[in-house]
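Chains as they are written, first to last, in the working numbering: chain A, 43 to 391; chain B, 43 to 391; chain C, 43 to 391.
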Amino acid sequence: MKKSLVALALMGAFSGAYAQSSVVIYGTLDAGLSKRTGTTVAEGKRDNNKLGFRGVEDLGSGLKALFQLEIRYEPDTGVIESTTRPLFQGQSRVGLQGDFGTLRLGRGLTAFQETSTAFEPWSGMPAVAGYQTDLQVAGYSSDPLSAPGNSGNRFSNAIFYNTPVIAGIFQFNATIATKEANGNAAIVGRGTTAAPQFPANTAAQVSPYSLSATATTGPFAAYAAYERNAVETKLWSVGASFKPINELKLMGSYQKQDQDNSVLINPVTKAWLIGANYTIGAGLVRAGYGQKTPDNALASPAIAKTKQFSLGYDYNLSPRTYLYVDGTRKKATAAATFNFYSVGIHHNF
Amino acid sequence: MKKSLVALALMGAFSGAYAQSSVVIYGTLDAGLSKRTGTTVAEGKRDNNKLGFRGVEDLGSGLKALFQLEIRYEPDTGVIESTTRPLFQGQSRVGLQGDFGTLRLGRGLTAFQETSTAFEPWSGMPAVAGYQTDLQVAGYSSDPLSAPGNSGNRFSNAIFYNTPVIAGIFQFNATIATKEANGNAAIVGRGTTAAPQFPANTAAQVSPYSLSATATTGPFAAYAAYERNAVETKLWSVGASFKPINELKLMGSYQKQDQDNSVLINPVTKAWLIGANYTIGAGLVRAGYGQKTPDNALASPAIAKTKQFSLGYDYNLSPRTYLYVDGTRKKATAAATFNFYSVGIHHNF
Amino acid sequence: MKKSLVALALMGAFSGAYAQSSVVIYGTLDAGLSKRTGTTVAEGKRDNNKLGFRGVEDLGSGLKALFQLEIRYEPDTGVIESTTRPLFQGQSRVGLQGDFGTLRLGRGLTAFQETSTAFEPWSGMPAVAGYQTDLQVAGYSSDPLSAPGNSGNRFSNAIFYNTPVIAGIFQFNATIATKEANGNAAIVGRGTTAAPQFPANTAAQVSPYSLSATATTGPFAAYAAYERNAVETKLWSVGASFKPINELKLMGSYQKQDQDNSVLINPVTKAWLIGANYTIGAGLVRAGYGQKTPDNALASPAIAKTKQFSLGYDYNLSPRTYLYVDGTRKKATAAATFNFYSVGIHHNF
């Protein structure tokens, strides 16, 4: 996410005597070609594609007002992400920043989801070769009660709070959402088809929330996070990274999902992953291996353990633009086992 | 609505020798928490949320070309307004401005709706505590023949004309729309279910139009307006404001809706409201009271009179950013009677 | 398409040490009034309405990274184009430009469609008076397997390549798309209703591709193009233009569509058109005549030959803004024969 600054001036035709203002337009356009076992060559993306607008207003006395709006889209067809997600799927948030930290309202990544991406070898990109959308969340969804097709790592109707960095090392983050209904389809869960546990457009019984803490000192970084979603699924996750030399970052995480409130059998899923990023000249090598293990994964091929090995390479043409190639092998149930290869270009603006 | 000016230059890669150009990006992000009788705490908005693009081109000889495009969205979920409205719900207009006034084509607020907001204590914001969406229009909709979910205060397919300010006091405004069909659902009205008065996607029998006049002199301002929509409902409205001291603005309006062409019984609704804005330091107090009275409101509890009392407070952190708190009591039919409280942040960019 | 440059700077609050960046915001707002035989007066457009974002990054050594995102919308109602098309209907493309030419990925006009518009008297605008959407493509669609309502002159999931201009005269362009399914409705074609030739959301049997070549020298220009779409319809087209004097451009084209793979009878359609653009002071006169002839057009009134004569006039208020008036007479089957008149304003920003 690199930025271009929309320059500022007072404008005669429309404006009064306002403080100088700025809107930053930024974004990402990432497109490539891919081949997955059993499918035709397809055009797609490695990263989220963004077109965003944001700004910071200095209110004096160390206080700032912040806003950010981020459109997400599919580069190969020009539609909004998944054709059904909110226009500002990326985020729509407004708030204040000061000595007390940062407090925002709106829609965005939960504290857990925003924290954990720094400990994932594909930098939290939703690449098929990456781990963010499946193994790093142990199959968990932050937002099961939104409309079908919505993303699984955000809260709508939420309050977002981040402390300042404390003692140069620690930061704490919290997100809490209202119980408002967001247009979900009926979810049977522990109910029946006639009386689903969560009927269509149901409101949450409890407020979803998410907590995370990070510690960063020298070459070490670590996080711990806990989250509970609107159907009372719980997730906790810990992770760490270490840079033995400047060019190498090693990382790993462990996470456990507990769906006891909405799943009748085998409610617990555990997952772990390890990975590395290695800088070599203008290149960056990404590597990772991880496993996701549902309860009783060994007892039935229908609930198999997932194993994923991935290798990728970025070649930087500039600090804003790189070419990439990814390869991954994912082994799960017979139907969900595949190889995947992709090559593309990633451009920030 | 404050603005940031996108600075201008000729750009080598794409451009020829064009006149210097400018696009202003502007917008509002307003989010808050609210509590309404009988519902859970919700996140929402007080004002419309906007992301807009506009510009003015000087054509010489006092002539200017104008354009404006305004996206509307919900800050708490990131979707476009109401999830179903046009992308450029706010407006999409282009036109010319000169000695003759301003002439524009496209979609936008009608002459009546644009004029009356200056005489409403919540500045025409669609806040629950405000009066713009219900009492100040006596329940009237400017656009009954657009697709369900569309807003009720705009014309699509319209021509917008504003005179210059005459003698430093008067301005006249007119909007007229074509009869084009805009995707409405069937409206039974004076028809039957089998033969609705306005079948689905019906074209208007007459061109909708809207007229308003304003007079502003010293501390006094007043307006009068008349509008007829696509189902031949008529609305007229008058209002005035007065500033006895610089910090205080008093205002009031009266409006009458006549739905005789599309409603079988009790076609007339009358409404009035009074309000005040009082500036005190960095704060602004908003207060209002109003009533809306359908025909025979006293004869049946199902068509009760509406009474609304509201009190609000803005605390300005800067000319672009304020915090607010609103409280309102609305009394109508038993089902439509409620208290409502909200607190939030309003940021212009 | 004229442009405003969003000025550039490094921004403290969010940015690291990136190369200087730029996003250009550009667009068109064109709205007017029109009257077609047998319909009420309507508000509409002559040109595509655009709001776009693009940028060029200099990567050194003559290499550049390019991106472009273009929203399309209807000015009279504020909705996205046709209410159903992709948000970035105009294009969403990213790529590299260098000595080898320009290589891009994403969605955009095919090589044929992008080339031929320069040889059409309405400059490729989708005006009713223009020829681009019907006669200049002989009724052909570049994208029959996308969702209903999608545009007919673009490829999604495509690779776009343009050579540099060779010897100051020649340029070659190629577009190839993957076979991915894009949400089409079932197309019976040579199949049956029970077993349509192209079932709903079908993938292409072959990769669609498009080729074009242009030659430009002094007052002469010419092109040749060949394209095959996802249902294996073939189109070829040739055209030329000549400027006997600087104020006058004469042009013509011929095109042939062959739908043999998906149509049972009369698969071939031929079309030609001639036109002129004449600059007179601040004005531009546009004129054109053309015919489209399906197989057996003379044998049946249901498959009549189309004849179209059009005359238009632009009056430039500035290099970015003009007023226009168009008139056209289109004669085809009885139901498709009409006169059409329009007047409007066209503003680039």
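Glycine included, each C-beta is placed from N, C-alpha and C at the ideal position.
Here the structure is a predicted model, which means the values were calculated and not measured.
_Where LEU101 of chain C meets chain A, residues with beta-carbon distance less than 7 Å_ = LEU359, SER360, THR363
*asked:* Give me the residue from C:TYR320, C:TYR251, C:ASP100 with the minimum Cα distance to SER64 of chain C.
replied: C:ASP100
*For the segment 206-252 of chain C, list the alpha helix (DSSP H) runs that are entirely contained and at least 4 residues long, ordered along the chain.*
none
*Measuring only between beta-carbons, confirm whether PRO117 of chain C sits less than 8 Å from chain B.*
Yes, contact with chain B.
*asked:* Does THR125 of chain C come out as helix, strand or coil in the three-state DSSP assignment?
replied: It is helical.
*Whole-Å CB distance - SER204 of chain B paired with THR144 of chain B, under 8 Å assumed*: Note that residue 204 of chain B is Asn in the sequence shown here, rather than Ser. ASN204 of chain B to THR144 of chain B, Cβ: 5 Å. Contact.
*Sorted by chain position, which residues of the same chain lie with C-beta nearer than 7 Å to ALA107 of chain B's C-beta, five sequence neighbours on each side aside?*
GLU99, LEU101, LEU138
*How big is the Cα-Cα spacing for ALA55 of chain A and PHE240 of chain A?*
Low per-residue confidence applies at ALA55 of chain A: pLDDT is 32, beneath 50, and the placement is therefore not dependable enough to give any value.
*Does the beta carbon of LYS92 of chain B come closer than 8 Å to any beta carbon on chain C?*
no
*What does THR220 of chain C touch in chain A if you count any residue whose Cβ is under 7 Å from its own?*
Under the 7 Å cutoff, chain A gives THR82, VAL83, ALA84, GLU85.
*Helix, strand or coil for VAL273 of chain B per DSSP?*
In this structure, DSSP gives VAL273 of chain B a state outside helix and strand, which the three-state scheme calls coil.
*Where LYS17 of chain B and THR379 of chain B are concerned, what is the direct C-alpha to C-alpha distance, given to the nearest angstrom?*
Nothing can be reported for residue 17 of chain B: it is not among the residues displayed for chain B, which extend from 43 to 391.
*Beta-bridge partners of ILE307 of chain A, as assigned by DSSP*: In DSSP, ILE307 of chain A forms no bridge with anything.
*Excluding the 5 residues preceding and the 5 following VAL207 of chain A in the sequence, name in chain order all residues of the same chain whose CB lies nearer than 6 Å to its CB.*
GLN213
_Sequence-distant residues of the same chain with beta carbon closer than 7 Å to ALA374 of chain C, five excluded per side_ = Here the set comprises ALA346, THR348.
*Alpha carbon to alpha carbon, how far is GLU85 of chain B from GLY386 of chain B? Give it in angstroms, no decimals.*
9 Å
_Which same chain residues end up closer than 7 Å to ALA272 of chain C when comparing Cβ atoms and leaving out the 5 residues on each side of it in sequence?_
PRO186, LEU187, ALA246, PRO250
*Nearest-angstrom Cα distance between THR235 of chain B and GLY225 of chain C?*
35 Å
*asked:* For GLY259 of chain B and ARG196 of chain B, what's the separation of their Cα atoms in angstroms?
replied: Going by the sequence as given, residue 259 of chain B is Thr instead of Gly. Straight-line Cα distance between these residues: approximately 28 Å.
*Who does ASP300 of chain A pair with in a DSSP beta bridge?*
A:LYS276, A:VAL310
_Contiguous beta strand (DSSP E) assignments of at least 3 residues, all confined to the segment 156-215 of chain C_ = Listed in chain order, they are 196-204.
*Does DSSP put ILE345 of chain C in a helix, in a strand, or in coil?*
When DSSP states are grouped into helix, strand and coil, ILE345 of chain C belongs to the helix group.
_For chain A, check one thing: does any of its Cβ atoms lie closer than 8 Å to the Cβ of PHE284 of chain C?_
no
*Cβ shell of SER134 of chain A (< 6 Å), same chain only, five flanking positions each side left out*: So the list reads LEU111, GLY148, ARG149, once near-sequence residues are dropped.
_If distances are taken between C-alpha atoms only, which option among C:PRO286, C:TYR265, C:LYS291, C:LEU326 comes closest to SER279 of chain C?_
The shortest C-alpha separation from SER279 of chain C is found at C:TYR265.
*asked:* According to DSSP, is PHE154 of chain A part of a helix, a strand, or is it coil?
replied: Correct three-state label for PHE154 of chain A: helix.
*Looking only at C-alpha atoms, which of B:THR363, B:SER384, B:ASP368, B:GLN178 sits nearest to THR70 of chain B?*
Residue B:THR363 is the option with its Cα nearest to THR70 of chain B.
*With distances taken from CA atoms, which of B:THR244, B:VAL310, B:ALA237 is nearest ALA189 of chain B?*
B:THR244
*Taking C-beta pairs closer than 7 Å, name the residues in chain C that PHE391 of chain A reaches, listed in chain order.*
Under the 7 Å cutoff, chain C gives SER63, VAL65, GLY97, PHE109.
*Mind reading off the beta-carbon distance from ALA219 of chain A to ALA242 of chain A? Whole number of angstroms is fine, and I expect it under 8 Å.*
Rounded, the Cβ-Cβ distance is 19 Å, inconsistent with contact.
*By DSSP, does ARG135 of chain A sit in helix, in strand, or in coil?*
In this structure, ARG135 of chain A counts as strand in the three-state DSSP scheme.
*At a CB-CB cut-off below 7 Å, which residues of chain C make contact with GLY137 of chain A?*
Residues of chain C passing the Cβ test: none, with the nearest at roughly 14 Å.
*Indicate the three-state DSSP secondary structure (helix, strand or coil) for ALA377 of chain C in the structure shown.*
helix
*Just checking my contact of LEU353 of chain B with ALA318 of chain B at CB under 8 Å: how many whole Å lie between their CB atoms?*
At roughly 10 Å, the Cβ-Cβ gap does not stay under 8 Å, so LEU353 of chain B and ALA318 of chain B are not in contact.
*Please classify ASN192 of chain B: is it buried, with 16 or more other beta-carbons within 10 angstroms of its beta-carbon, or exposed?*
buried
*Proximity below 8 Å, CB of PHE130 of chain B to CB of GLY120 of chain C*: yes
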